[in-house]
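K.L.:
Supplied in structure tokens, the structure appears directly below.
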Amino acid sequence: RLARLVVAGVPILLVPAPNTRIDLAGFGHVILNEQISNFGSASAELVVNMIHVVVTLSNPLVPVGTDIVVAHAKSELVATDIAGFLDGSAYGTTVKVGSAFLSGRSALVVQGCRGTNGAVETNSIASVVLPPHSSTGLVTNTASGVVNSTSASGETTSTVEALNLLSSLLTVDLVRADAHSFTDGNTFTFTHVGSRFVNLSVSGFPQITDDVPPNT
């Protein structure tokens with residue numbers, strides 16, 4: 004849907020029909036409610052671009068060839084005989100008070116359902132600073148996975164450096180979360196091998212070391 008849409012000074016009161024084209028004098032054109040369908044022997048997809056501006060004429064604002072898309076969505080179906088699909092995500096930090104987010108998922112990376120063909124996808128951010136709740140140094144998150152007819156395996160990681168929570172109530176030089184998943188189509192295996200702390204400190208609990216049992 005589109006609400007209060009105005010194109011070249013003209014209000015568009017109704018939702019435009021699919022692939023409605025309006026010329027933009029001196030610029031090119033805009034396609035509203037653009038819908039692109041592709042069908043193959045083993046796949047199908049639908050792309051929806053609610054606003055798609057194409058600049059084809061010389062103008063004082065932007066170069067010819069400029070392409071602007073606003074509100075893009077894509078869905079795809081694929082017929083397959085693979086052993087399983089992957090899912091998952093990794094992020095460095097998030098802070099929520101009640102139902103309100105003070106800080107969203109930092110450097111989020113998402114594991115696609117068909118994996119990454121073995122490549123490691125990375126997203127990082129130099130720091131997250133939200134005093135007095137938390138502050139960090141470098142945050143690096145990764146996702147990788149392989150899917151074929153006999154197995155599906157995936158791994159997501161999040162590494163956070165120089166973490167300080169609640170004004171030094173908890174500090175750690177480095178913390179890494181590492182989640183692995185594997186299936187052969189019948190059984191499922193999950194491990195956290197690779198997860199660790201480096202120089203973990205919790206105020207008032209000197210017995211806490213880097214070797215912390217799960218769910219302490």
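Residues in the sequence shown are numbered from 4 upward in steps of one, following my numbering.
Just so it is clear, CB atoms sit at the ideal spot from N, CA and C, and this is done for glycine as well.
Everything numeric in this text was worked out from a predicted model, so none of it was measured.
1) Find the nearest neighbour of Leu80 within the set Ala110, Phe42, Phe208 and Pro19, judged by alpha-carbon distance.
2) Rounded C-beta distance between Ser106 and Val98? I'm assuming under 8 Å.
3) Which same chain residues end up closer than 8 Å to Gly29 when comparing Cβ atoms and leaving out the 5 residues on each side of it in sequence?
4) For the beta strand (DSSP E) containing Phe191, name the first residue and the last one.
5) Could you say which of Val67, Arg199 and Ser154 lies nearest to Asn189 if we only look at CA atoms?
6) Three or more C-beta pairs under 8 Å: does that hold for the segment 137 to 148 against the segment 84 to 99?
7) Can you grab the Cα-Cα spacing for the pair Pro217 / Val73, in whole Å?
8) Beta strand (DSSP E) containing Asn144: first to last residue?
9) Check this for me: beta carbons of Thr159 and Gln210, under 9 Å apart or not?
10) Measuring only the C-alpha atoms, how far is Cys116 from Val150?
11) Leaving out five residues on either side along the sequence, give the residues of the same chain with a beta carbon under 6 Å from the beta carbon of Thr125.
P.N.:
Let me lay it out:
1) That would be Phe42, whose Cα lies nearest to the Cα of Leu80.
2) 4 Å
3) Leu60 and Asn62
4) Where Phe191 is concerned, the enclosing beta strand (DSSP E) stretches over Phe191 to Thr194.
5) Ser154
6) yes
7) 44 Å
8) First-last of the beta strand (DSSP E) with Asn144: Val142 to Val150.
9) no
10) 9 Å
11) Thr145
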